[in-house]
Amino acid sequence: MMDISGDLSGIRASQIQELKNLSEIKTERSELIHPEILKELVRLTQLWNREIAVYLARNGNLLASAVGRHATVTLPPVKGRSLGKHLRCIHTHPNGNHKLSSLDYSALESLGLESMASIGVSQGSLTGIEIAFRTEEQSPYIVNLTPHNWTEFDYYAGLSGLSKSKGKTKNESRQTGKERAFLIALEDSESETNEDLLELRELARTAGVDVVGQLVQLRRYGQTRSYFGSGKLEELIHRLQETDANVLICDDELSPTQLRTLEAETGLKVLDRTGLILDIFAQRAQSREGKLQVELAQLKHLLPHLTGQGLALSRLGAGVGSRGPGETKLELDRRRMRDRINQLEKELKLVLQQRDVLRRQRTRSGLPLIALVGYTNAGKTTFMTKAMEQAGSRSDLPVGENKLFATLDPIVRSIRIDSSLEILLSDTVGFIRKLPTQLLRAFMATLEEVKQADVLIHIVDASHPQAVHHAETVHEVLSQLESADKPMITLLNKIDQVGEEDLSQLTSYLPYPVKISLKRGDSLKPVWKVLSSLLN
Numbered sequence: 001m002m003d004i005s006g007d008l009s010g011i012r013a014s015q016i017q018e019l020k021n022l023s024e025i026k027t028e029r030s031e032l033i034h035p036e037i038l039k040e041l042v043r044l045t046q047l048w049n050r051e052i053a054v055y056l057a058r059n060g061n062l063l064a065s066a067v068g069r070h071a072t073v074t075l076p077p078v079k080g081r082s083l084g085k086h087l088r089c090i091h092t093h094p095n096g097n098h099k100l101s102s103l104d105y106s107a108l109e110s111l112g113l114e115s116m117a118s119i120g121v122s123q124g125s126l127t128g129i130e131i132a133f134r135t136e137e138q139s140p141y142i143v144n145l146t147p148h149n150w151t152e153f154d155y156y157a158g159l160s161g162l163s164k165s166k167g168k169t170k171n172e173s174r175q176t177g178k179e180r181a182f183l184i185a186l187e188d189s190e191s192e193t194n195e196d197l198l199e200l201r202e203l204a205r206t207a208g209v210d211v212v213g214q215l216v217q218l219r220r221y222g223q224t225r226s227y228f229g230s231g232k233l234e235e236l237i238h239r240l241q242e243t244d245a246n247v248l249i250c251d252d253e254l255s256p257t258q259l260r261t262l263e264a265e266t267g268l269k270v271l272d273r274t275g276l277i278l279d280i281f282a283q284r285a286q287s288r289e290g291k292l293q294v295e296l297a298q299l300k301h302l303l304p305h306l307t308g309q310g311l312a313l314s315r316l317g318a319g320v321g322s323r324g325p326g327e328t329k330l331e332l333d334r335r336r337m338r339d340r341i342n343q344l345e346k347e348l349k350l351v352l353q354q355r356d357v358l359r360r361q362r363t364r365s366g367l368p369l370i371a372l373v374g375y376t377n378a379g380k381t382t383f384m385t386k387a388m389e390q391a392g393s394r395s396d397l398p399v400g401e402n403k404l405f406a407t408l409d410p411i412v413r414s415i416r417i418d419s420s421l422e423i424l425l426s427d428t429v430g431f432i433r434k435l436p437t438q439l440l441r442a443f444m445a446t447l448e449e450v451k452q453a454d455v456l457i458h459i460v461d462a463s464h465p466q467a468v469h470h471a472e473t474v475h476e477v478l479s480q481l482e483s484a485d486k487p488m489i490t491l492l493n494k495i496d497q498v499g500e501e502d503l504s505q506l507t508s509y510l511p512y513p514v515k516i517s518l519k520r521g522d523s524l525k526p527v528w529k530v531l532s533s534l535l536n
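Here the UniProt record's numbering is used: the sequence shown runs in plain steps of one and ends on residue 536.
1) Which of helix, strand or coil does DSSP assign to Y55?
2) Which value, in whole angstroms, describes the spacing of the CA atoms of L278 and I11?
3) Quick one, are the C-beta atoms of R180 and V143 less than 7 angstroms apart?
4) Taking C-beta to C-beta, are T369 and D251 nearer than 7 angstroms?
5) What is the residue span of the alpha helix (DSSP H) that Y509 lies within?
6) With H, G and I counted as helix, E and B as strand and the rest as coil, what does DSSP make of E253?
7) Measuring only the C-alpha atoms, how far is R58 from H86?
8) In angstroms, rounded to a whole number, what distance separates the CA positions of E533 and E422?
9) Pull up the distance between the alpha-carbon of L503 and that of R433, whole angstroms please.
10) Quick check on the DSSP output: what are the complete alpha helix (DSSP H) runs of length 4 or more inside the stretch 223-298, in order along the chain?
11) According to DSSP, which residues form a beta bridge with A66?
12) Can you give me the start and stop residues for the beta strand (DSSP E) that T490 sits inside?
13) Quick one: Cα of M337 to Cα of L348, how far?
14) Mark L113 as exposed unless 16 or more other C-beta atoms lie within 10 angstroms of its C-beta, in which case mark it buried.
15) Quick one: grab the DSSP three-state call for E448.
16) When you compare the CB positions of L215 and L236, do they come within less than 7 angstroms of one another, or not?
17) Among I119, L510, S101, E345, which has the Cα closest to the Cα of E242?
18) Would you call the stretch 340-354 and the stretch 505-523 in contact, with 3 or more CB pairs under 8 angstroms?
19) Tell me the DSSP secondary structure of D210 in three-state form.
20) Return the residue from the list H464, L456, R88 that minimises the CA-CA distance to S483.
21) When DSSP labels each residue in this structure, what does P513 get in the three-state scheme?
22) Can you give the Cα-Cα distance for residue 540 and Q353, rounded to whole angstroms?
23) Of all the options K386, F431, H91, S110, which has the alpha carbon lying nearest to the alpha carbon of Q46?
24) Apply the 10 Å Cβ neighbour rule to P140 and answer buried if 16 or more other Cβ atoms are within range, or exposed otherwise.
25) To the nearest angstrom, how far is the alpha carbon of residue 606 from that of I489?
26) Given L271, which residues of its chain have a CB within under 6 angstroms of its CB, disregarding the five upstream and five downstream residues?
27) Which one of S14, A391, V429, F431 has the shortest CA to CA distance from E416?
28) Which of the three DSSP states is assigned to R88 in this structure?
29) How many Å lie between G6 and F182 at the Cα?
As structure tokens, then:
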């Protein structure tokens with residue numbers, strides 16, 4: 001009699017026995033699974049509305065089974081046997097989608113199974129079967145079967161033909177390489193959806209991830225435990241299987257409970273907006289100071305999520321079967337993380353002191369400090385490069401990329417505008433909507449340049465549909481830095497891509513507006529003229 005594990009709550013003992021009795025039926029060598037076993041799996045799946053998964057040995061015997069909620073069923077180790085090349089996993093999808101999910105592909109590789117098969121079940125009927133055979137190639141060998149022809153498929157012949165197929169599929173091979181992200185968000189109104197998710201999509205692109213789908217729910221229907229409501233969560237799981245996503249990215253900062261719930265329900269790695277931004281920062285930090293700041297922000301973000309960071313760590317909390325060494329290990333991890341945070345804060349305090357020494361030296365030089373601020377990817381680094389070139393200085397700055405947060409480490413350069421005016425120009429990290437508080441605090445050493453500046457030059461991408469909202473975000477961050485009252489010039493960049501009516505609205509809204517196109521190579525003299533008047 002085979003073992004059954006998983007979520008059996010609310011299921012009658014007699015029905016569980018019916019599942020156990022299937023182990024008495026032996027599958028023939030040529031069959032994927034005995035038709036009678038499949039018929040019962042479909043019936044019980046519909047009855048319980050839960051996934052049912054079974055191990056099947058090559059000799060045709062059922063070895064173990066597990067029951068769970070959609071996309072989260074986990075098969076137990078098979079007693080007396082090692083998982084490997086002679087075992088296949090066959091499981092049902094109660095939502096009717098017979099396509100294998102990214103979690104299924106991952107299990108195929110991690111458990112070293114011979115094959116993984118998914119069975120779609122809808123209204124008590126079979127909707128289709130998809131089988132993935134593990135190969136020596138990167139991509140598995142995929143076979144799709146319909147409810148009408150699945151009994152004609154010769155499993156053993158398909159297994160024998162793998163060496164000739166060289167990993168090719170009857171359909172297209174599953175793509176490998178970049179991670180495939182599915183985006184989710186809660187929005188206050190449907191009108192916000194497109195622009196907000198466009199930014200999240202751009203953040204994902206900057207992080208090197210391909211976006212394969214997105215799903216939005218109105219915020220009033222969201223849940224504190226699971227982020228999405230139950231109905232939308234079911235839709236999300238269905239969409240994830242359709243798109244073959246392997247990472248879920250949320251547009252908000254998730255609570256530890258929300259992160260754990262989404263991981264458990266989808267079986268995927270889950271990132272919130274903060275985690276995604278920190279990942280980008282980690283890729284782009286070059287200086288030691290920048291790396292310290294990124295690591296500090298990452299640790300402060302991860303610390304409250306430690307009990308839910310990954311499916312393995314989530315098992316190390318209190319409760320039966322998880323006390324003792326597991327709990328001690330978790331507390332040890334927390335203590336080490338806190339010690340590292342304290343160490344980083346001390347090192348960054350020294351950085352602040354060193355910057356303060358350099359700042360006092362600059363103050364003694366009598367040169368005014370001008371800080372560039374603006375929404376990420378607005379053109380700050382391009383402005384600084386043009387300023388150096390038009391002043392006759394050779395720019396040593398990296399060529400600007402059309403990606404968010406192209407500049408992370410602070411840059412200060414001395415620029416002579418004319419015979420009567422020389423300035424120190426500072427480029428800073430770009431601001432962004434929903435900028436995490438811990439990120440703002442961690443980058444305080446960099447943002448001190450903003451706090452100490454005599455004048456701010458606020459660069460706005462005038463061509464962006466959300467230019468006004470971006471400007472408001474910058475002002476909100478400046479308020480948090482206690483710098484919103486500083487003298488400020490607004491540089492409306494990319495005016496060659498904007499109509500006069502839109503430009504007029506921006507100029508009436510923002511202080512000291514200067515219209516310019518840096519890409520077109522417009523002169524910066526209008527900017528320096530306004531700057532001179534503010535400094536005098």
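Idealized CB from N, CA, C, for every residue including glycine.
None of these values were measured; they are calculated from a predicted model.
According to the data block:
1) The residue labelled residue 55 in the question sits at position 55 within the sequence shown. Strand at Y55.
2) The count along the sequence shown starts at 1 and reaches residue 278 at position 278. The count along the sequence shown starts at 1 and reaches residue 11 at position 11. Straight-line Cα distance between these residues: approximately 44 angstroms.
3) Here residue 180 corresponds to residue number 180 of the sequence shown, with the count starting at 1. Here residue 143 corresponds to residue number 143 of the sequence shown, with the count starting at 1. R180 places its beta carbon 7 angstroms or farther from that of V143.
4) Numbered from 1 along the sequence shown, position 369 holds the residue referred to as residue 369. Numbered from 1 along the sequence shown, position 251 holds the residue referred to as residue 251. In the sequence on display, residue 369 carries Leu and not Thr. No, the pair does not count as a contact, with Cβ atoms beyond the cut-off.
5) By 1-based counting over the sequence shown, the position of residue 509 is 509. Under the DSSP assignment, Y509 falls in the alpha helix (DSSP H) whose first and last residues are 500-509.
6) Position 253 of the sequence shown holds residue 253. Coil at E253, not helix or strand.
7) Translated into positions along the sequence shown, residue 58 becomes position 58. Translated into positions along the sequence shown, residue 86 becomes position 86. Rounded to the nearest angstrom, the two C-alpha atoms are 6 angstroms apart.
8) Within the sequence shown, the letter at position 533 stands for residue 533. Within the sequence shown, the letter at position 422 stands for residue 422. In the sequence under discussion, the amino acid at residue 533 is Ser, which differs from the Glu named in the question. One Cα belongs to S533, the other to E422, and the distance between them is close to 14 angstroms.
9) In the sequence shown, residue 503 corresponds to position 503, counting from 1. In the sequence shown, residue 433 corresponds to position 433, counting from 1. So the two alpha carbons sit approximately 22 angstroms from each other.
10) Entirely contained in the stretch 223-298, the alpha helix (DSSP H) runs reaching 4 residues are, in chain order, 230-243, 256-266, 273-284.
11) Along the sequence shown, one-based indexing puts residue 66 at 66. S5, A53, per the DSSP bridge assignment.
12) For the purposes of this step, residue 490 is taken as the residue at position 490 of the sequence shown. From DSSP, the beta strand (DSSP E) with T490 extends over 488-493.
13) For the purposes of this step, residue 337 is taken as residue 337 along the sequence shown, with counting starting at 1. For the purposes of this step, residue 348 is taken as residue 348 along the sequence shown, with counting starting at 1. Near 16 angstroms, if we compare the C-alpha coordinates of L348 and M337.
14) Looking up residue 113 in the sequence shown gives position 113. Answer is buried; the Cβ neighbour count reaches 16.
15) The residue you call residue 448 lines up with position 448 of the sequence shown. E448 carries a helical assignment under DSSP once its states are collapsed to helix, strand and coil.
16) Residue 215 sits at position 215 when you count from the first residue of the sequence shown. Residue 236 sits at position 236 when you count from the first residue of the sequence shown. Against a cut-off of 7 angstroms, the Cβ pair of L236 and L215 comes out as a contact.
17) Start at 1 with the first residue of the sequence shown, and residue 242 comes out as number 242. Checked all of I119, L510, S101, E345; the closest Cα to E242 is S101.
18) These segments do not touch.
19) Start at 1 with the first residue of the sequence shown, and residue 210 comes out as number 210. Three-state DSSP puts D210 in a strand.
20) Working through the sequence shown from its first residue, we reach residue 483 at position 483. Closest by alpha carbon: L456.
21) Start at 1 with the first residue of the sequence shown, and residue 513 comes out as number 513. Secondary structure at P513: strand, using DSSP grouped into helix, strand and coil.
22) Absent from the model: residue 540. The displayed extent of the chain is 1 to 536, so no value can be given.
23) Here residue 46 refers to the residue found at position 46 when the sequence shown is read from its first residue. In terms of CA proximity to Q46, H91 leads the group K386, F431, H91, S110.
24) Sequence index remark: in the sequence shown, residue 140 carries index 140 (1-based). By the neighbour-count rule (16 or more Cβ atoms within 10 Å), P140 is buried.
25) Past the edges of the chain, shown from 1 to 536, lies residue 606, and the structure says nothing about it.
26) Position 271 of the sequence shown, counted from the start, is the residue given in the question as residue 271. Within the same chain, L271 has close Cβ partners I249.
27) On the sequence shown, residue 416 is found 416 positions in, with the first residue counted as 1. For clarity, residue 416 is Arg in the given sequence; the question names Glu instead. Cα-wise, what sits closest to R416 is A391.
28) Here the question's residue 88 lines up with position 88 in the sequence shown. Three-state DSSP puts R88 in a strand.
29) Taking the first residue of the sequence shown as position 1, residue 6 is located at position 6. Taking the first residue of the sequence shown as position 1, residue 182 is located at position 182. When rounded, the distance between both Cα atoms is 27 angstroms.
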